[in-house]
Each structure stands twice: as structure tokens, then as C-alpha cells.
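Here's the structure we're looking at; comments come further down.
Number of protein chains: 2
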Amino acid sequence: MSVSIVRTVAELRARIEQWRHAGYRVGLVPTMGALHDGHLSLVRLAKTRADRVVVTLFVNPKQFNNADDLAAYPRSEAEDAGKLGAVGADLLFAPGLDEMYPQGFSTTVSVAGVSEGLCGAFRPGHFDGVATVVTKLLLQSQPDVAVFGEKDFQQLAVIRRLVADLNMPVTIVGGPIVREDGGLAMSSRNLRLTRGGRAAAPRLSAALFDAAKRIAAGEDVDSVIAQTKADILAAGFTEVEYLELRDAETLAPVAKPGQAARLLVAAWLDGVRLIDNVPVSAQIYA
Amino acid sequence: MSVSIVRTVAELRARIEQWRHAGYRVGLVPTMGALHDGHLSLVRLAKTRADRVVVTLFVNPKQFNNADDLAAYPRSEAEDAGKLGAVGADLLFAPGLDEMYPQGFSTTVSVAGVSEGLCGAFRPGHFDGVATVVTKLLLQSQPDVAVFGEKDFQQLAVIRRLVADLNMPVTIVGGPIVREDGGLAMSSRNLRLTRGGRAAAPRLSAALFDAAKRIAAGEDVDSVIAQTKADILAAGFTEVEYLELRDAETLAPVAKPGQAARLLVAAWLDGVRLIDNVPVSAQIYA
Numbered sequence: 000m001s002v003s004i005v006r007t008v009a010e011l012r013a014r015i016e017q018w019r020h021a022g023y024r025v026g027l028v029p030t031m032g033a034l035h036d037g038h039l040s041l042v043r044l045a046k047t048r049a050d051r052v053v054v055t056l057f058v059n060p061k062q063f064n065n066a067d068d069l070a071a072y073p074r075s076e077a078e079d080a081g082k083l084g085a086v087g088a089d090l091l092f093a094p095g096l097d098e099m100y101p102q103g104f105s106t107t108v109s110v111a112g113v114s115e116g117l118c119g120a121f122r123p124g125h126f127d128g129v130a131t132v133v134t135k136l137l138l139q140s141q142p143d144v145a146v147f148g149e150k151d152f153q154q155l156a157v158i159r160r161l162v163a164d165l166n167m168p169v170t171i172v173g174g175p176i177v178r179e180d181g182g183l184a185m186s187s188r189n190l191r192l193t194r195g196g197r198a199a200a201p202r203l204s205a206a207l208f209d210a211a212k213r214i215a216a217g218e219d220v221d222s223v224i225a226q227t228k229a230d231i232l233a234a235g236f237t238e239v240e241y242l243e244l245r246d247a248e249t250l251a252p253v254a255k256p257g258q259a260a261r262l263l264v265a266a267w268l269d270g271v272r273l274i275d276n277v278p279v280s281a282q283i284y285a
Numbered sequence: 000m001s002v003s004i005v006r007t008v009a010e011l012r013a014r015i016e017q018w019r020h021a022g023y024r025v026g027l028v029p030t031m032g033a034l035h036d037g038h039l040s041l042v043r044l045a046k047t048r049a050d051r052v053v054v055t056l057f058v059n060p061k062q063f064n065n066a067d068d069l070a071a072y073p074r075s076e077a078e079d080a081g082k083l084g085a086v087g088a089d090l091l092f093a094p095g096l097d098e099m100y101p102q103g104f105s106t107t108v109s110v111a112g113v114s115e116g117l118c119g120a121f122r123p124g125h126f127d128g129v130a131t132v133v134t135k136l137l138l139q140s141q142p143d144v145a146v147f148g149e150k151d152f153q154q155l156a157v158i159r160r161l162v163a164d165l166n167m168p169v170t171i172v173g174g175p176i177v178r179e180d181g182g183l184a185m186s187s188r189n190l191r192l193t194r195g196g197r198a199a200a201p202r203l204s205a206a207l208f209d210a211a212k213r214i215a216a217g218e219d220v221d222s223v224i225a226q227t228k229a230d231i232l233a234a235g236f237t238e239v240e241y242l243e244l245r246d247a248e249t250l251a252p253v254a255k256p257g258q259a260a261r262l263l264v265a266a267w268l269d270g271v272r273l274i275d276n277v278p279v280s281a282q283i284y285a
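Protein chains in written order, with numbering that gives the first Met the number 0: chain A, 0 to 285; chain B, 0 to 285.
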């Protein structure tokens, strides 16, 4: 059975108010739809932390710096609602554009620091759009816990920062990346790859895991990164936007391992931008 | 008896949680201290709208564009606490700088539109600082209602906008300006005027009321404004930053009356910046 859908903040709040009244803990899983097993794993995770789980579906124009990317973003609400019903979500909040950004809307939430570099350098305004819409979604639903995927690792860091900075009374939980059999990180954008692209795409995660292993084993970070970029291009990717070792929490650049770090990549294949990241754990350096 | 004081968000939330448990409605009155009868009128207003009233005292460095103004801002916490006890406030939240902006703080809330022009033109960054700290105070305390003075009319418009835009579940109430016997709008900054300045200051509100009456009576807006600026300077003010007729809600410039409008002024006297505003009601034009 498909999950029940509401489209206004008033309806959303009325449902949540009933749950609150019954003493239920509420979990939130914000998405842009086109749901895959990665999203569904976040819903399952939310269900372990809350009695009732709301999923949101809103393709947020403010976080698209590229109009073509926004237009091409896959939309499949009816299918999404079916998947959410099957996995036990309790409510889908799928507001229209006017409900989220009515005429006169003028407010922007910006997070400095963690939003700089990486995707922030290549997608101007993207994290302002993310921070603004996530602030709204959290205030619309006021959940006890909200779950975001580690696939968008920098986004998760931005959200943790803004929730702490603005004193939002919610616990943020990161859900691990879910990968296809070949290792490719699940992403709604994978749907836009050609058959050839689908074949080449797993080379990104393979290169990333290999690089993380070599860095952890003590190889020179800069050399590993340069070689890995070349490998990714050789696999058929047209551009590597970045491949960087960063502090796992602050996302500050890490010149030399010795602390919990994360290796993050963004690269273009078939006109589709793919991102991925892997831990490079501190223990491995010891 | 002085009002009880807490200094951490955790203590604030523990108190409010008890009130919530008892079914009380909570009101919030944010201030920067140096309390006068204008502030106390806001506390009285909050008491008519809530069962328990929290006043906050935080001189927010992020909303001072001028370091001298910040350094010179009057501070009188013990006296403030006594006044709040007398007027029946239930709690004073007076956090330190590290409690509000701990190391690593990186988030800014910005409101476009209503924050532009007027004070926004002369105090760069001021309304970002206001929007950020008010968002924090509202999320720290999660009141049912929050009261702000109409003395800072543009600030009130910015706050109404951000609360609507971010879907904050709180009702914003504006409290009317409280004036001294001569008509001068009460302000913590009045304390910094010399004796001569105190004598000249009421000429600002007198000129403003007179201009509003003439505009409402149909006189040409531009001429009235030009003459009134000259009158304010003749009264001993050293600069009129702005004197403008604006839409009372959107704060958009109003070229010709015919809708609910507000006449707003900022002017310097004795090295002190004073602001004031008066309604120019639509009915008067009819």
C-alpha cells in the first residue's frame, strides 16, 4: 500500500500533532524523490530511532545551480509513494513550489566553513539552498531525529553545523552509503547514465576505495590523488572536479593523514555529475 | 524581587520544559538590556498573551556594524533584573558570548527585501546579525508568542518575514513605541545623550509627527520630507540618515500616499544615532 501523502504544512503539522499527542517520537527523512535503496535504507534507519517516520519529497530549485540539472532531475512520485509504503514510512510530505516558497519569500540560511571547497566550489549557491530548505523542513515538522545520507557527505556536515549553530532541537543522524553490486554509490542521477556510462561508473568507487587503502597504508597523499584522478579519466570520465582528503568532521583539508579523514570525489560521466566518498580511518595509520 | 537568571540554553530549556508540562503558554521578549519603560511595556504585553514570560538579555555583537557603538552600549544587568521582577517577568535568559556563538559558529540567516534601505543601507550586516540571533533565540526557547517593539520598525518587519519564510511556529507581536513626556521615543541609546542633546532630542519626534500629519493632509510628500529634514538639522541634529515614507508591511518605498504607510527616520545627535517612526494611516487620505 502506498504511503499517505500530504501537500501542505498545515496538514503535515496536524498529523504530527496527533502523533505527539499519542507520545510518539517522530523521525524525518528529507529527499528529492526518485527513491532508490539508499533512500529506503535511511527510512529503515529512521524507523529504528522514531515511532513514526515522515519522508519529504521536494525537488528544491534553490539548491540547483544548473537549470538543466533541475529540469532533468528524475521525478516518480507515485512509484516513490509505493516504495515508502512497502518500507513502512508513515507519511509523505510532498509540497508544491508555492507551499515552500510563496510570493515574497526572502530568507536565506548560509553556512560558512564546511560549505566551502568540494561541491561548494563547483556549485555556487547550492549549500545555501540546502541549508535554507532543510531549516524549513525541520521547522515545519519539528522531528526528534532527522536522517541524511552520507552519500552527500558535505551536505551532512553543513546540516550538522547549521542545526548546532541555530540551536535546532533535533538529532541529526547520518546513514551509510548504499552501493550497487559493482560498488557504485546509489544515486537518483545514476538513472541518467547511458548503458556505456553504467558500465564505466563503478570504476569511480573502485578507484576511490583503492586510493583510500593506499593513503591509509602510508603512500604519499598527493601522488595517490594524482594517479587516481588519471585512473578515473582513463575509465571514461570526462572530468574530475575534485578528489580530496578532508577532515571527517570539519571538512578542513588534510595534508597528511593522522586523524579521522574522508576521501571525497566528484566526477562527470555521460554528462552526469557523480559524487562519492569513503572513510580513511585514523586507526589504519597507526 | 529580581527575576531569576539563567545563562545556558540547557537551563533555559529545562525551565520552559517544566512550564510546557504544566500546560503553560510561553512568551518571549528579546532585548539587549539597559531596560526602560519601552521594554517593560513589551513584557506587560507578553504577559497578556502568555502564562509565562522569558526575557532575553544579549548584546549581540553580530548586529553592531560599529565597534564603538558596541563598546558604548549601556549594560546594567542587575538593575534590569530588578525591573523585570517588578513587572512580573518569570525568567531572564542572559547568555554569555560563548554560549551564543561557540567556537566554529558559521551560520548566517539573511532576509532580503524588507532589510534593504533605511537602517539596512546605513548599517551593513546589521539585519543579518538580527535575523541570526533572533532565529537562535526563538529556537532556544520555542515560545508560543514573541514580542518586539515597533520602535525598531524595520527589524520587526525583518523578523515577521523570517518567521514566515522559515515556518517558525511562533506568533510575532509588535508593541507600540513608548515615548517620554516630550515625545522622544524611549531608547537605551538616549542614555548617551548630553544634557543639551536631551533637550534637543524631542524635536525629532515632533518634526516626524508634524510631517506625518501634513502628508496625510495631502501635502506633497517630497516637499514635506525635504522641509522636515531641514527642521531636524536646524534643531541641532548633525545628520539625517534617512526620512522616508514606506509601505507599513513590505517597507517598499511609497511615492504617493494611498495605502497604510509608515514614516521612518534615523538621525544623529551628540554622536548618538536615534531612530523613530510613525504611522501615516490610509484612512486619513480618504
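All C-beta atoms in this analysis are idealised placements derived from N, C-alpha and C, irrespective of residue type, glycine included.
Checklist entry - Closer than 8 angstroms, CB to CB, is residue 24 of chain B near chain A or not? => result Residue 24 of chain B does not count as touching chain A.
Next on the checklist: Between residue 135 of chain A and chain B, is the shortest Cβ-Cβ distance under 8 angstroms, so that the two count as touching?
Outcome noted: So, interface residue.
Next on the checklist: So, with DSSP's three-state summary, where would you put residue 285 of chain A?
Outcome noted: Residue confidence for residue 285 of chain A is low, a pLDDT of 42 falling below 50, so the modelled location carries little weight and cannot support an answer.
Next on the checklist: Please tell me whether residue 111 of chain A has its Cβ less than 8 angstroms away from any Cβ of chain D.
Outcome noted: No chain D is present in this structure, whose protein chains are A and B.
Next on the checklist: Residues of chain A with CB closer than 8 angstroms to the CB of residue 144 of chain B, please, in chain order.
Outcome noted: The premise fails here: residue 144 of chain B is roughly 16 angstroms from chain A at the closest Cβ pair, so nothing lies under 8 angstroms.
Next on the checklist: Can you pull out the residues from the region 164-177 of chain A whose beta carbon lies closer than 9 angstroms to at least one beta carbon of chain B?
Outcome noted: Look at the region 164-177 of chain A: the residues with a C-beta under 9 angstroms from a C-beta of chain B are 164, 165, 166, 167, 168.
Next on the checklist: So, does the region 81-97 of chain B touch the region 28-48 of chain B, judging by three or more C-beta pairs under 8 angstroms?
Outcome noted: Verdict: yes, contact present.
Item to check | Spatial distance of residue 162 of chain B from residue 213 of chain A (CA atoms) | outcome: So the two alpha carbons sit approximately 50 angstroms from each other.
Next on the checklist: Between residue 51 of chain A and chain B, is any beta-carbon pair separated by less than 8 angstroms?
Outcome noted: Not one chain B Cβ lies under 8 angstroms of residue 51 of chain A.
Item to check | Residue(s) in a DSSP beta bridge with residue 92 of chain A | outcome: Looking at the DSSP assignment, residue 92 of chain A forms a beta bridge with A:5, A:55.
Checklist entry - What separation, rounded to the nearest whole angstrom, lies between the Cα atoms of residue 32 of chain B and residue 225 of chain B? => result Answer to the nearest angstrom: the Cα atoms are 35 angstroms apart.
Next on the checklist: Quick check: residue 26 of chain A and residue 2 of chain A, are their CB atoms within less than 8 angstroms of each other?
Outcome noted: Between residue 26 of chain A and residue 2 of chain A, the CB-CB gap reaches or exceeds 8 angstroms.
Checklist entry - Would a check of beta-carbon distances place residue 14 of chain A closer than 8 angstroms to chain B? => result Chain B, which has no Cβ nearer than 8 angstroms to the Cβ of residue 14 of chain A, makes this no.
Next on the checklist: Restricting to Cα atoms, I'd like to know which of A:13, A:255, A:181, A:159 is closest to residue 249 of chain A.
Outcome noted: Relative to the Cα of residue 249 of chain A, the nearest Cα in the group A:13, A:255, A:181, A:159 belongs to A:159.
Checklist entry - From the beta carbon of residue 104 of chain A, is the nearest beta carbon of chain B less than 8 angstroms away? => result So yes, residue 104 of chain A belongs to the interface.
Checklist entry - Is the shortest distance between the beta-carbon of residue 324 of chain A and the beta-carbons of chain B less than 8 angstroms? => result One cannot answer for residue 324 of chain A here, as it falls past the ends of chain A, which runs 0 to 285.
Item to check | Chain-order list of residues whose beta-carbon lies under 6 angstroms from that of residue 72 of chain A (same chain, five-residue window excluded) | outcome: Setting aside the 5 residues that flank it on each side, residue 72 of chain A is surrounded in the same chain by 58, each with a C-beta closer than 6 angstroms to its C-beta; the list follows chain order.
Checklist entry - Just how far apart, CA to CA, sit residue 186 of chain B and residue 48 of chain A? => result C-alpha separation (whole angstroms): 49 angstroms.
Checklist entry - Using the beta-carbon of each residue, which ones in chain B are nearer than 7 angstroms to residue 107 of chain A? => result What residue 107 of chain A touches in chain B: 109.
Item to check | Member of A:126, A:67, A:107 whose CA lies at the smallest distance from the CA of residue 116 of chain A | outcome: Closest option to residue 116 of chain A, Cα to Cα, is A:126.
Checklist entry - Taking 8 angstroms as the CB-CB cut-off, is residue 138 of chain A touching chain B? => result Yes, contact with chain B.
Checklist entry - For residue 110 of chain A, which residues of its own chain have a beta-carbon under 7 angstroms away from its beta-carbon, when the five flanking residues on both sides are left out? => result Excluding sequence neighbours, residue 110 of chain A sits near 126, 130, 157, 160, 161.
Next on the checklist: Using CA atoms only, rank isn't needed, just tell me which of B:215, B:219, B:200 is closest to residue 239 of chain B.
Outcome noted: Out of B:215, B:219, B:200, B:200 has the C-alpha closest to the C-alpha of residue 239 of chain B.
Next on the checklist: Please classify residue 272 of chain A as buried or exposed, where buried requires at least 16 other C-beta atoms within 10 Å of its C-beta.
Outcome noted: Buried, since its Cβ has 16 or more Cβ neighbours within 10 Å.
Next on the checklist: I want to see whether chain B comes within less than 8 angstroms of residue 160 of chain A, judged by CB atoms only; does it?
Outcome noted: True, the Cβ-Cβ gap to chain B drops below 8 angstroms.
Next on the checklist: If you follow the beta strand (DSSP E) that residue 190 of chain A is in, where does it begin and where does it stop?
Outcome noted: No beta strand (DSSP E) contains residue 190 of chain A, which DSSP labels as neither H nor E.
Checklist entry - Quick one, which of A:218, A:44, A:280, A:268 has its alpha-carbon nearest residue 188 of chain A's? => result Ranking the options by Cα distance to residue 188 of chain A, first place goes to A:268.
Checklist entry - Between residue 126 of chain B and chain A, is there a C-beta pair that is closer than 8 angstroms? => result It does not; no Cβ of chain A falls within 8 angstroms.
Item to check | Chain-ordered neighbours of residue 132 of chain B on chain A, where CB pairs are closer than 9 angstroms | outcome: At a C-beta separation below 9 angstroms, residue 132 of chain B has no neighbours in chain A, since its nearest C-beta there lies roughly 10 angstroms away.
Item to check | Neighbouring residues, chain A, relative to residue 8 of chain B (Cβ below 8 angstroms) | outcome: By Cβ distance, chain A contributes 166.
Next on the checklist: Does the structure place the region 172-180 of chain B close enough to the region 15-25 of chain B that three or more beta carbon pairs sit under 8 angstroms?
Outcome noted: Judged by pairs of C-beta atoms under 8 angstroms, the region 15-25 of chain B does not touch the region 172-180 of chain B, as fewer than three such pairs exist.
Checklist entry - Would residue 360 of chain A pass as a contact of residue 153 of chain A if the rule is Cβ separation under 8 angstroms? => result The displayed coordinates of chain A run from 0 to 285. Any statement about residue 360 of chain A would go beyond what the structure contains.
Checklist entry - Hey, is the region 220-237 of chain B in contact with the region 192-206 of chain B, meaning 3+ C-beta pairs nearer than 8 angstroms? => result When C-beta atoms of the region 220-237 of chain B are compared with those of the region 192-206 of chain B, three or more pairs fall below 8 angstroms, so the two segments count as touching.
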